[in-house]
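Residue numbering for the sequence shown follows the numbering used here, beginning at 3 and increasing consecutively.
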Amino acid sequence: MSLLAETGAQRPTDPLLEIYLERRGNLVRYFAARCGSPGVAEDLAQELYVKIATRDTTVTADNPVALIYRIANNVMLDRARGEARSLARDAAWRRVTHATVGDEDVAELAPADEAVASRQRLRQLVEAAGDLPPRQQHAFRLHKLEGKSHAETARVMGISVKSVEKHVSAALKALTVRLGR
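#1: Please report the residue range of the alpha helix (DSSP H) in which Ile21 lies.
#2: Let me know the beta strand (DSSP E) ranges lying completely inside the stretch 80–159, each 3 residues or longer, listed in chain order.
#3: Return the CA-CA distance between Ile54 and Gln48, expressed in angstroms with no decimal places.
#4: Counting only the same chain and skipping the five closest in sequence on each side, list residues whose C-beta sits under 6 Å from that of Leu69.
#5: In the structure shown, what three-state DSSP assignment does Ile70 receive?
#6: Consult DSSP for Gly38 and reduce its assignment to one of helix, strand or coil.
#7: Could you say if the stretch 111–121 and the stretch 150–157 meet the contact criterion of at least three C-beta pairs nearer than 8 Å?
#8: For the structure I just gave you, are there three or more beta carbon pairs, one from the stretch 12–28 and one from the stretch 67–83, closer than 8 Å?
#9: Going by C-alpha to C-alpha distance, which of Val163, His140, Leu177, Phe142 sits closest to Arg123?
#10: In angstroms, rounded to a whole number, what distance separates the CA positions of Arg87 and Leu181?
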């Protein structure tokens, strides 16, 4: 049973729409063979229907089947051009807004919510570090926050590397307990 019979709709009086409805299955297969996707083929068939239904009905053709396939080709070309424009626009945007290493995009900035959360965690860490005993606090700040090596921290503080390791380790334990991480 056809869609028209199921819905109780009347057959269109437009000969091009009649031919479209008779050949819709063939048109979907035609689109699918060219685009490789049944879903896209259905979309193209729907676009073709809209093009035919909204055209000027006073324009007629000697060969209506050929006209339908010509319109079908134009619909596919329009879709392909639109996708090409979209890809070019996206690629241009990506070139301007992203750094790349090889063929991979590298995000230069963290998403805003992650950046805010990171700043909050850092602020909590710095506040908690302020409550450490002075030697632990100094060793922790030099090594973890300023990025100095254990040897550099030992030189700055005038203590042994082993003492720096103990102070940093004790500071990390205390901060982990306090911050719960």
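Ideal placement from N, C-alpha and C gives every residue a C-beta, glycine not left out.
From the atom records:
#1: Locating residue 21 in the sequence shown gives position 19, where the first residue counts as 1. Boundaries of the alpha helix (DSSP H) harbouring Ile21: 17–24, taken from the DSSP string.
#2: 101–103, 106–108
#3: Stepping through the sequence shown from its first residue, residue 54 is reached at position 52. Stepping through the sequence shown from its first residue, residue 48 is reached at position 46. For Ile54 and Gln48, the distance between alpha carbons rounds to 10 Å.
#4: For the purposes of this step, residue 69 is identified with residue 67 of the sequence shown, where counting begins at 1. For Leu69, same chain residues with a beta-carbon under 6 Å away, outside a window of 5 residues either side, are Ala63 in chain order.
#5: Taking the sequence shown and counting its residues from 1, one reaches residue 70 at position 68. Here Ile70 sits in helix by DSSP.
#6: Position 36 of the sequence shown, counted from the start, is the residue given in the question as residue 38. Looking at Gly38 - three-state DSSP - the assignment turns out to be coil, as it is neither helix nor strand.
#7: no
#8: Judged by Cβ distances under 8 Å, the stretch 12–28 makes contact with the stretch 67–83, as three or more pairs qualify.
#9: For the purposes of this step, residue 123 is taken as the residue at position 121 of the sequence shown. Closest by alpha carbon: Leu177.
#10: If you number the sequence shown from 1, residue 87 lands on position 85. If you number the sequence shown from 1, residue 181 lands on position 179. Roughly 51 Å between the two C-alpha positions.
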